[in-house]
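Numbering (full-length UniProt numbering), first residue to last: 1 to 372.
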């Protein structure tokens, strides 16, 4: 195995997501050149230093409870392809759900299934009736956080009962008790806690700082009594240099997902060659800073309010040919210019198969839901 291959594999394990940027314009200091000792200085020590404040913020996100194979499952809702449903879920949870039209292009074999009730037993489901039912949990064949919305309407009121599995739903459909409307709406609803598992809770949950590593988990607490999960929200840049925040919920391949403390989801890889997976650029060397690899913050291909936004990101690595000549890149235009001048190289991570579920949020949403 070549040194380059080792570097890329290690990098992929920890570069799942983009990292911090500041609300104010940050300052940085230039490291003076020392031509007599450059050969003894690693790439990580070359160039400038860009330390960004508040790179990691604890953020409370409402949990949503549903059923999976007869068991309770807790998940979050961050993005949906339908504008009206996004607004409805925002009102229901008090947390802004992004409108992400690109999710409607999710391939059929990369979709999970969620069943939402339009009538029947009143309850805490999205439409005011019983809890929704989903087809799978992380680790199961058929699991995907990108769930196709199926609307259920009871046609025989005398048969109305609480259903807790897809099998029960199908049985009642066969008996003519209900009808299912399979919509084209896709919702990003990553599982947080399920029968036999959950996202990894960080061991350093009481001491999160701007220098906290990305490995070891993405949540500091899961509270099913008060129905909240506390994520580490990381700062980053949108394509125009605008500040964004993001969380991490699942990934592919398995190695980086495991390192980050999030589920490996095989279905995520099926998005890599589709418009659903948007480009996200990480830095392998250059400006030292608060990025996942210890360099500058990465740059995403869309802001959460852009028409081409998706929570699914296809990772690529940027490498400066001469790290000592590195400059801070803040926009996609900066990347294109550096590519045109030959200053950097751009390489798809892990053969172009590295995809991360990484919902973006605007600053207002994050600050309104900062963990107290």
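All C-beta atoms in this analysis are idealised placements derived from N, C-alpha and C, irrespective of residue type, glycine included.
query = residue 59 lies in the beta strand (DSSP E); which residues open and close that run?
reply = For residue 59, the enclosing beta strand (DSSP E) stretches over residues 56 to 62.
query = Going by alpha carbons, who is nearest to residue 113 out of 170, 176 and 323?
reply = 170
Residue 456 to residue 147 span [Cα, whole Å] = A question about residue 456 goes unanswered here, because the residues of the chain that appear run from 1 up to 372.
Alpha-carbon spacing of residue 221 relative to residue 337, whole angstroms = 42 Å
key: Extent of the continuous alpha helix (DSSP H) run through residue 335   = 332 to 340
DSSP-derived helix/strand/coil call for residue 135 = coil
task = Under 8 Å by Cβ, that's how I've got residue 76 and residue 61 pegged, so tell me the actual separation to the nearest angstrom.
result = About 5 Å; that satisfies the 8 Å criterion.
request  = Return the CA-CA distance between residue 214 and residue 365, expressed in angstroms with no decimal places.
outcome  = 22 Å
request  = Would you mind listing the beta strand (DSSP E) stretches within the stretch 245 to 303 that are 3+ residues and don't spill past its ends, in chain order?
outcome  = Along the stretch 245 to 303, the beta strand (DSSP E) occurs as fully enclosed runs of 3 or more residues at 250 to 252 and 277 to 283, listed in sequence order.
request  = My understanding is that residue 68 touches residue 136, with C-beta atoms under 8 Å, so please give their C-beta distance in whole angstroms.
outcome  = Residue 68 to residue 136, Cβ: 7 Å. Contact.
Limits of the alpha helix (DSSP H) - the one that residue 87 falls within = 83 to 93
ask   = Excluding five sequence neighbours on each side, which residues of the same chain lie with their C-beta closer than 6 Å to the C-beta of residue 117?
value = Answer for residue 117: 125, 129, 130 and 152, listed in chain order.
ask   = Does DSSP put residue 175 in a helix, a strand or coil?
value = Residue 175: coil per DSSP, three-state reduction.
message = One question on the structure: do residue 289 and residue 296 come within less than 7 Å of each other, judged by their Cβ atoms?
response = yes
message = Could you tell me the alpha carbon to alpha carbon distance between residue 314 and residue 269, rounded to whole angstroms?
response = Taking C-alpha positions only, residue 314 is separated from residue 269 by approximately 9 Å.
ask   = Mind checking whether residue 59 and residue 231 have CB atoms under 7 Å apart?
value = yes
request  = Kindly list the residues whose CB is nearer than 6 Å to the CB of residue 167, restricted to its own chain and excluding five residues on each side of it in sequence; keep chain order.
outcome  = Closer than 6 Å at Cβ, skipping near neighbours: no residue.
Buried or exposed by the 16-neighbour rule on C-beta atoms within 10 Å, applied to residue 71 = exposed
Element boundaries [beta strand (DSSP E), containing residue 363] = Careful: residue 363 lies outside any beta strand (DSSP E), inside the alpha helix (DSSP H) at 363 to 368.
task = Quick one: residues in its chain with C-beta nearer than 6 Å to the C-beta of residue 301, no 5 flanking neighbours on either side, listed in chain order?
result = 239, 278 and 279
ask   = With C-beta atoms as the reference, is residue 154 less than 7 Å away from residue 161?
value = No, they are not a contact pair.
message = Out of 261, 244 and 243, which one is the CA nearest neighbour of residue 251?
response = 261
ask   = Between which two residues does the beta strand (DSSP E) harbouring residue 71 extend?
value = Start and end: 71 to 75.
inquiry  = Given this structure, state the Cα-to-Cα distance separating residue 225 from residue 63, to the nearest angstrom.
reply    = 10 Å
DSSP-derived helix/strand/coil call for residue 213 = Look at residue 213 here: in three-state DSSP terms it is coil, with no helix or strand label.
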